[in-house]
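Undergrad: Let me give you the structure first, and then I'll get to my questions.
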Amino acid sequence: MSALRIDANGLHYRELNARLREVVTDARVTHIDLDNVYGQRYLGTDLHRAVQIDIHGTPGNDLAAFMDGPRIIVHGNAQDGCGNTMNGGEIIIHGSAGDVTGHSMRGGKIWVRDNVGYRVGIHMKEYLETHPTIVIGGTAQHFLGEYMAGGVLVVMGLNLAPGERHIANFVGTGMHGGKMYLRGEVDDYQLGKGVGRVPLDDADHILLHTLATEYAALFGVDVQTIFSQPFVKLAPLSLRPYGRLYAY
Amino acid sequence: MNGFSHENPYGDDKVFDACGLFGMMDVTGKAFSGHDVVKAISNMEERGNGLGSGYAVYGCYPDYADCYAFHVMFTDPAARAAVEERLKPDFLLVHDEEVPHKPIAGLYNAPLIRRYFLQVNEAAPDRHLYDEAEFIIAKVMAINIAGLGAYIYSSGKNLGVFKGVGFPDQIAEYFDVASYSGYLWTAHNRFPTNTPGWWGGAHPFGLLDWTVVHNGEISSYGANRRFLEMHGYHCTMTTDTEAMTYASDFLMRRHKLPVEVAVKVMAAPLWEEIARMPDEEQALYRTLRQVYSKLLFTGPFTIIVAREGEMIGLADRLRLRPLVAATAGDRLYISSEEASIRLINPALERVWTPVGGEPVIGRLKEEARSKTQDL
Numbered sequence: 001m002s003a004l005r006i007d008a009n010g011l012h013y014r015e016l017n018a019r020l021r022e023v024v025t026d027a028r029v030t031h032i033d034l035d036n037v038y039g040q041r042y043l044g045t046d047l048h049r050a051v052q053i054d055i056h057g058t059p060g061n062d063l064a065a066f067m068d069g070p071r072i073i074v075h076g077n078a079q080d081g082c083g084n085t086m087n088g089g090e091i092i093i094h095g096s097a098g099d100v101t102g103h104s105m106r107g108g109k110i111w112v113r114d115n116v117g118y119r120v121g122i123h124m125k126e127y128l129e130t131h132p133t134i135v136i137g138g139t140a141q142h143f144l145g146e147y148m149a150g151g152v153l154v155v156m157g158l159n160l161a162p163g164e165r166h167i168a169n170f171v172g173t174g175m176h177g178g179k180m181y182l183r184g185e186v187d188d189y190q191l192g193k194g195v196g197r198v199p200l201d202d203a204d205h206i207l208l209h210t211l212a213t214e215y216a217a218l219f220g221v222d223v224q225t226i227f228s229q230p231f232v233k234l235a236p237l238s239l240r241p242y243g244r245l246y247a248y
Numbered sequence: 249m250n251g252f253s254h255e256n257p258y259g260d261d262k263v264f265d266a267c268g269l270f271g272m273m274d275v276t277g278k279a280f281s282g283h284d285v286v287k288a289i290s291n292m293e294e295r296g297n298g299l300g301s302g303y304a305v306y307g308c309y310p311d312y313a314d315c316y317a318f319h320v321m322f323t324d325p326a327a328r329a330a331v332e333e334r335l336k337p338d339f340l341l342v343h344d345e346e347v348p349h350k351p352i353a354g355l356y357n358a359p360l361i362r363r364y365f366l367q368v369n370e371a372a373p374d375r376h377l378y379d380e381a382e383f384i385i386a387k388v389m390a391i392n393i394a395g396l397g398a399y400i401y402s403s404g405k406n407l408g409v410f411k412g413v414g415f416p417d418q419i420a421e422y423f424d425v426a427s428y429s430g431y432l433w434t435a436h437n438r439f440p441t442n443t444p445g446w447w448g449g450a451h452p453f454g455l456l457d458w459t460v461v462h463n464g465e466i467s468s469y470g471a472n473r474r475f476l477e478m479h480g481y482h483c484t485m486t487t488d489t490e491a492m493t494y495a496s497d498f499l500m501r502r503h504k505l506p507v508e509v510a511v512k513v514m515a516a517p518l519w520e521e522i523a524r525m526p527d528e529e530q531a532l533y534r535t536l537r538q539v540y541s542k543l544l545f546t547g548p549f550t551i552i553v554a555r556e557g558e559m560i561g562l563a564d565r566l567r568l569r570p571l572v573a574a575t576a577g578d579r580l581y582i583s584s585e586e587a588s589i590r591l592i593n594p595a596l597e598r599v600w601t602p603v604g605g606e607p608v609i610g611r612l613k614e615e616a617r618s619k620t621q622d623l
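So the sequence lines, in the order shown, correspond to chains X and Y.
No gaps in the numbering here: position 110 of the first sequence is 110 in the numbering used here, and each next residue is one more.
No gaps in the numbering here: position 268 of the second sequence is 516 in the numbering used here, and each next residue is one more.
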């Protein structure tokens with residue numbers, strides 16, 4: 001087992017990603033710390049194996065794009081497009097993440113301690129045993145789970161004050177697969193067309209318990225707090241909402 | 249970067265479409281140099297493609313604070329005499345000079361750029377037809393549409409705009425932007441989409457004390473432009489952002505709408521949102537959408553609009569382009585990316601991303617406002 005540090009100060013994203021690709025070819029490297037990260041894009045892409053990368057600073061857009069294997073821990077906020085088309089591995093964000101987090105995500109997990117921006121989980125998909133998962137501790141902005149086709153999206157609203165509601169509108173617009181769980185209040189008008197509330201079954205409770213326990217352990221939250229309020233489950237009302245649109 | 253960009257074994261040099269914006273303001277009116285602004289916008293190099301960058305700085309000409317500072321771009325150097333001839337009856341020339349610059353590698357087709365510090369000639373033949381601001385607009389527009397090969401792209405007091413075709417660090421070096429100081433700066437890194445990357449098309453766009461930098465594409469440009477033309481604003485820079493500059497002036501100066509209302513014209517709430525509002529608010533928003541329907545800006549955009557003493561950040565109502573705001577002490581930052589703010593100030597107090605249609609507004613504190621007006 002071996003750890004190393006890379007000072008990203010002044011490095012262009014291509015240089016920094018090339019350096020990462022180079023160091024992971026040494027199978028003994030299991031842990032990399034990146035210091036002074038200021039906006040370098042695509043970090044963690046193209047590494048194809050399990051390695052932990054701690055990012056100190058603010059990673060750039062499309063963090064972990066197409067990522068397959070690594071575990072990325074961001075000590076701060078992530079920008080837009082984090083986990084874009086990610087295939088496997090994990091992103092843990094000790095802060096907030098930007099717009100289109102988990103865009104077209106195909107596998108792996110994203111944990112966000114605080115809030116996320118617009119269109120989070122847009123076009124997530126699943127296939128056979130591969131179920132991408134996004135867990136958000138805080139709240140989300142509009143178009144959450146837009147065109148969602150698979151996977152699991154959990155928004156816990158832990159930082160909402162008593163009585164404060166989720167503000168996201170157009171939740172699940174165009175959603176036709178996967179499951180969304182919201183803890184806290186949401187009105188019907190906030191939901192997109194084609195998505196509806198469905199009762200939680202045993203499998204949902206087990207899944208939420210597993211995810212909440214892991215979130216609590218990652219960010220030092222009491223798991224009981226998470227279950228102090230019920231979750232609402234949202235799911236598509238039809239698997240192919242537009243199936244008849246061009247075939248009438 | 250060590251010649252690295254010439255070898256790219258991983259094929260990760262795809263060019264993405266996204267302009268970069270940065271704005272920074274000291275609400276006490278304290279001037280600061282452009283050094284950090286250049287550093288912040290240059291950190292978002294990937295957002296542009298070298299076809300346009302620029303800077304606006306408020307408070308940069310204290311020696312000529314009571315003069316209109318016309319910045320004129322001559323695509324045809326021969327136009328200079330014609331422009332100066334046209335300015336003569338309308339203005340008293342206090343000072344003029346070529347905007348200082350130094351030749352740097354990689355910048356092409358740089359036009360002649362001069363600045364004129366002017367006072368309105370109260371005895372001008374048509375002076376009585378306009379109030380002072382309208383007089384300036386009439387004169388600026390007349391020159392811009394005259395087909396002379398000359399464009400007045402900034403016409404405020406104590407306001408400088410420095411822009412051209414190049415990356416932000418190149419344009420900063422060309423004009424030595426870091427040597428200017430002001431209390432409010434905006435900066436732009438351009439990725440032109442539907443319109444040419446020429447020097448006049450670089451952002452910021454300016455008219456009177458307004459400047460605008462923009463990321464996105466305005467789908468409603470045609471409708472906006474035709475409306476503005478009927479009110480004396482002519483779009484001559486062949487790009488959509490220009491219309492937002494003139495719309496800002498029309499709504500907030502000519503029609504005296506408060507910023508908070510003007511942004512609801514440009515990024516109006518959706519009809520279904522209006523339908524959920526209390527009656528009184530519904531009446532207001534319905535009226536705004538009806539009266540100013542031609543100044544609704546559709547399509548993806550994030551803009552930073554600035555005027556004397558004020559900086560406004562706004563994203564379209566679906567927030568199809570990014571906008572991050574932050575504060576630290578007396579400083580307000582607005583950026584396309586958070587990393588650029590943290591790069592120049594790691595000790596931020598608050599960082600947030602307003603939802604689309606909700607403006608971020610920075611204003612000079614009252615005591616600072618009166619001080620800058622006294623200058």
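Yeah, the Cβ is synthetic: ideal placement off N, Cα and C, and Gly gets one too.
Between the region 68-79 of chain X and chain Y, which residues of the former have CB atoms less than 7 Å from a CB of the latter, in chain order?
TA: If the cut-off is 7 Å between Cβ atoms, the region 68-79 of chain X has Asn-77 and Gln-79 near chain Y.
Undergrad: What did DSSP end up calling Asp-7 of chain X once you bin it into helix, strand or coil?
TA: Three-state result, Asp-7 of chain X: strand.
Undergrad: Across the region 507-518 of chain Y and the region 402-421 of chain Y, are there enough close Cβ pairs to call them in contact, namely three or more that are closer than 8 Å?
TA: Contact between the region 507-518 of chain Y and the region 402-421 of chain Y is absent, because fewer than three Cβ pairs lie under 8 Å.
Undergrad: Rounded to the nearest angstrom, what separates Leu-211 of chain X and Lys-233 of chain X at their Cα positions?
TA: The alpha-carbon atoms of Leu-211 of chain X and Lys-233 of chain X are separated by roughly 15 Å.
Undergrad: Under 6 Å Cβ to Cβ from Gln-52 of chain X, same chain only, skipping five residues before and after it: list those, please.
TA: The residues are His-31 and Arg-71.
Undergrad: Shorter than 7 Å from the beta carbon of Asn-291 of chain Y to some beta carbon of chain X?
TA: Judged by the 7 Å Cβ criterion, Asn-291 of chain Y is in contact with chain X.
Undergrad: Quick one: give me the first and last residue of the beta strand (DSSP E) that Asp-274 of chain Y is part of.
TA: Its beta strand (DSSP E) spans residues 268-274.
Undergrad: Assuming contact is defined by CB atoms lying nearer than 7 Å, are Asn-437 of chain Y and Ile-560 of chain Y in contact in what I supplied?
TA: Contact: no.
Undergrad: State the DSSP-derived secondary structure class of Pro-310 of chain Y, mapped to helix, strand or coil.
TA: If DSSP states are grouped into helix, strand and coil, Pro-310 of chain Y belongs with the helices.
Undergrad: Does the CB of Arg-598 of chain Y have a neighbour CB from chain X at under 7 Å?
TA: Cβ-Cβ to chain X under 7 Å: no for Arg-598 of chain Y.
Undergrad: Quick one, are the C-beta atoms of Thr-601 of chain Y and Val-572 of chain Y less than 7 Å apart?
TA: Yes, they are a contact pair.
Undergrad: Considering only the alpha carbon of each residue, which of X:Val-37, X:Arg-49, X:Gly-88 and X:Asp-26 lies closest to Ile-589 of chain Y?
TA: Per the Cα distances, X:Val-37.
Undergrad: Pull up the CB-CB distance for Val-511 of chain Y and Leu-562 of chain Y, whole angstroms please, since I reckon it's below 8 Å.
TA: Yes, they are in contact, since the Cβ atoms of Val-511 of chain Y and Leu-562 of chain Y sit about 5 Å apart, within 8 Å.
Undergrad: Do the CB positions of Tyr-378 of chain Y and Ala-279 of chain Y come within less than 7 Å of each other?
TA: Cβ atoms of Tyr-378 of chain Y and Ala-279 of chain Y: not closer than 7 Å.
Undergrad: At what residues does the alpha helix (DSSP H) containing Arg-165 of chain X begin and finish?
TA: Neither: Arg-165 of chain X is in no alpha helix (DSSP H) and is coded neither H nor E.
Undergrad: Between the Cα of Ser-386 of chain Y and the Cα atoms of Y:Ala-326, Y:Tyr-356 and Y:Arg-334, which residue gives the shortest distance?
TA: Before going further, note that residue 386 of chain Y is Ala rather than Ser in the sequence given. Ranking Y:Ala-326, Y:Tyr-356 and Y:Arg-334 by Cα distance to Ala-386 of chain Y puts Y:Arg-334 first.
Undergrad: For Ile-391 of chain Y versus Ile-400 of chain Y, is the C-beta spacing smaller than 7 Å?
TA: Contact flag set, yes.
Undergrad: Could you please tell me which residues of the region 137-167 of chain X, in chain order, have their CB closer than 9 Å to any CB of chain Y?
TA: Listed in sequence order: Gln-141, His-142, Phe-143 and Ile-167.
Undergrad: Check the C-beta distance from Ala-229 of chain Y over to Val-461 of chain Y and give it rounded, since I have them as a contact under 8 Å.
TA: Because chain Y spans 249 through 623 in this model, residue 229 of chain Y falls outside it and cannot be assessed.
Undergrad: Who are the Cβ neighbours of Asn-406 of chain Y in its own chain at under 6 Å, not counting the five residues just before and after it?
TA: So the qualifying residues of the chain are Gly-307, Tyr-309 and Ala-313.
Undergrad: Extract the residue ranges of the alpha helix (DSSP H) inside the region 369-396 of chain Y, only unbroken runs of 4 or more that lie entirely within it.
TA: Here the runs fully enclosed are 380-392.
Undergrad: For Gly-81 of chain X and chain Y, any beta-carbon pair shorter than 7 Å?
TA: Cβ-Cβ to chain Y under 7 Å: no for Gly-81 of chain X.
Undergrad: State the Cα-Cα distance for the pair His-254 of chain Y and Arg-14 of chain X, rounded to the nearest angstrom.
TA: Note on His-254 of chain Y: pLDDT 49, under 50, position unreliable in the model; the coordinate value appears next. Taking the straight line from one Cα to the other gives about 11 Å.
Undergrad: Mapping the DSSP letters down to three states, classify Arg-197 of chain X as helix, strand or coil.
TA: Note: Arg-197 of chain X maps to strand in three-state DSSP.
Undergrad: State whether the region 462-474 of chain Y contacts the region 548-558 of chain Y, with contact taken as three or more CB pairs (one from each stretch) at a distance under 8 Å.
TA: Yes: the two stretches touch, three or more of their Cβ pairs being nearer than 8 Å.
Undergrad: So which residues of chain X does Ala-587 of chain Y contact, with C-beta pairs closer than 7 Å?
TA: Those within 7 Å of Ala-587 of chain Y in chain X are Tyr-38, Gly-39, Thr-58, Gly-60 and Gln-79.
Undergrad: Can you give me the C-alpha to C-alpha distance between Gly-271 of chain Y and Leu-20 of chain X, rounded to a whole angstrom?
TA: For Gly-271 of chain Y and Leu-20 of chain X, the distance between alpha carbons rounds to 33 Å.
Undergrad: Below 7 Å between beta carbons: does that hold for Gly-172 of chain X and Gly-145 of chain X?
TA: Going by C-beta atoms, Gly-172 of chain X is nearer than 7 Å to Gly-145 of chain X.
Undergrad: Between which two residues does the beta strand (DSSP E) holding Asn-36 of chain X run?
TA: Looking at the DSSP string, the run of the beta strand (DSSP E) that includes Asn-36 of chain X is 29-38.
Undergrad: Leu-299 of chain Y by DSSP, collapsed to three states: which one?
TA: If DSSP states are grouped into helix, strand and coil, Leu-299 of chain Y belongs with coil.
Undergrad: If you check the beta carbons only, do Ala-64 of chain X and Ile-92 of chain X fall under 7 Å apart?
TA: Result no, Cβ atoms of Ala-64 of chain X and Ile-92 of chain X do not sit closer than 7 Å.
Undergrad: Report yes or no: is there a C-beta of chain X within less than 7 Å of the C-beta of Pro-570 of chain Y?
TA: Cβ-Cβ to chain X under 7 Å: yes for Pro-570 of chain Y.
Undergrad: Among the candidates Y:Thr-575, Y:Ser-583 and Y:Asp-344, whose CA atom is the shortest distance from the CA of Ala-266 of chain Y?
TA: Residue Y:Ser-583 is the option with its Cα nearest to Ala-266 of chain Y.
Undergrad: Say whether chain Y places a C-beta atom closer than 7 Å to the C-beta of Gly-174 of chain X.
TA: No, its Cβ sits nowhere closer than 7 Å to a Cβ of chain Y.
Undergrad: Can you pull the DSSP bridge partners for His-56 of chain X?
TA: According to DSSP, which records beta bridges pairwise, His-56 of chain X is partnered with X:His-75.
Undergrad: Let's see if you can read the secondary structure: which residues bound the beta strand (DSSP E) around Gly-610 of chain Y?
TA: Where Gly-610 of chain Y is concerned, the enclosing beta strand (DSSP E) stretches over 608-611.
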